[in-house]
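*Asks:* Let me begin by handing over the structure; questions about it come next.
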Amino acid sequence: EDPLAEDDAEGFLRFTRRFGHAVQIIGDDFLVTDAARVRAAAQTGIANAVLIKPNQRGTLMETLECWKAAKAYGFGGIVSARSGETEDVTICHLAVGWQVPQLKVGSFSRSERMAKWNELLRLEEALGDRARFAGWAPYAASPPSPSASGRSA
Numbered sequence: 005e006d007p008l009a010e011d012d013a014e015g016f017l018r019f020t021r022r023f024g025h026a027v028q029i030i031g032d033d034f035l036v037t038d039a040a041r042v043r044a045a046a047q048t049g050i051a052n053a054v055l056i057k058p059n060q061r062g063t064l065m066e067t068l069e070c071w072k073a074a075k076a077y078g079f080g081g082i083v084s085a086r087s088g089e090t091e092d093v094t095i096c097h098l099a100v101g102w103q104v105p106q107l108k109v110g111s112f113s114r115s116e117r118m119a120k121w122n123e124l125l126r127l128e129e130a131l132g133d134r135a136r137f138a139g140w141a142p143y144a145a146s147p148p149s150p151s152a153s154g155r156s157a
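Residue numbers (our numbering): 5 to 157.
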């Protein structure tokens, strides 16, 4: 995410043109969970995914608007926790409910991270057959074999 300085639009554009076909070019501080910035970036060919931080935007509706803008332009999305997180698991429900294909909450350590991983397992169990694996599309450059996921796509 943010492979260049947050204000280097020209660099982001060149980087996206060079590598965007193979990897996610994720706008974090460059896009700041802002729908207008996502639309402008997409229209100029900058980035191809957005890091969505619910506590960065101000309201949940503004955050959802950012995700809707990203989807409208074919951007990938990653709902992200931030440093200083608590054991609150709302972020998991937002990612699943909004069908954002990726979630960034950290490794399997520390209680605030484990709370989120455990909640995702509970959500998958509660959804049962309605739970869907988002797919390997974000990782298209080197997809694993179908059996690697343990589930069919």
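From the three backbone atoms N, C-alpha and C, an ideal C-beta is built for every residue, glycine too.
Since the model is a prediction, treat every value here as computed from it, not as a measurement.
Look at ILE50 and SER84 and say whether their C-beta atoms are less than 8 Å apart.
*Replies:* Looking up residue 50 in the sequence shown gives position 46. Looking up residue 84 in the sequence shown gives position 80. No, Cβ-Cβ distance for ILE50 and SER84 is not below 8 Å.
*Asks:* Can the beta-carbon of GLY81 be found closer than 8 Å to that of TRP71?
*Replies:* Here residue 81 refers to the residue found at position 77 when the sequence shown is read from its first residue. Here residue 71 refers to the residue found at position 67 when the sequence shown is read from its first residue. Yes. Within cutoff.
*Asks:* What are the uninterrupted segments assigned as alpha helix (DSSP H) that are 4 or more residues long and contained completely in the segment 66-111, given in chain order?
*Replies:* Taking only runs of at least 4 residues, the alpha helix (DSSP H) segments lying wholly in the segment 66-111 are 94-101.
*Asks:* Tell me, which residues are paired with ALA31 by DSSP?
*Replies:* Translated into positions along the sequence shown, residue 31 becomes position 27. At residue 31 the sequence reads Gly, which differs from the Ala that was named. Looking at the DSSP assignment, GLY31 forms a beta bridge with VAL54.
*Asks:* Where do the N-terminal and C-terminal ends of the alpha helix (DSSP H) with ARG18 fall, by residue?
*Replies:* Taking the first residue of the sequence shown as position 1, residue 18 is located at position 14. Segment 13-23, the alpha helix (DSSP H) holding ARG18.
*Asks:* DSSP three-state label for ALA40, please.
*Replies:* As a working note, residue 40 is residue 36 in the sequence shown. The answer is helix: DSSP assigns ALA40 an H, G or I state.
*Asks:* For GLY132, which of helix, strand or coil comes out of DSSP?
*Replies:* By 1-based counting over the sequence shown, the position of residue 132 is 128. In the structure shown, GLY132 sits in a helix (DSSP, three-state: H, G or I).
*Asks:* By Cβ distance, which residues of its chain are closer than 6 Å to ALA53, with the 5 residues on each side in sequence left out?
*Replies:* What you label residue 53 is simply residue 49 of the sequence shown in a count that begins at 1. The residues are GLN28, ILE30, PHE79, GLY80.
*Asks:* Pull up the distance between the alpha-carbon of GLN103 and that of ASP6, whole angstroms please.
*Replies:* Here residue 103 corresponds to residue number 99 of the sequence shown, with the count starting at 1. Here residue 6 corresponds to residue number 2 of the sequence shown, with the count starting at 1. Near 23 Å, if we compare the C-alpha coordinates of ASP6 and GLN103.
*Asks:* Less than 6 Å between C-beta atoms, sequence neighbours within five positions excluded: which residues of the same chain meet that for GLY24?
*Replies:* Mapped onto the sequence shown, residue 24 falls at position 20. Result list for GLY24: ASN52, in chain order.
*Asks:* Taking Cβ to Cβ, would you say THR129 is nearer than 8 Å to GLU91?
*Replies:* Indexing the sequence shown from 1 puts residue 129 at position 125. Indexing the sequence shown from 1 puts residue 91 at position 87. According to the sequence provided, residue 129 is Glu. The question's Thr does not apply to it. Taking 8 Å as the Cβ cut-off, GLU129 and GLU91 do not qualify as a contacting pair.
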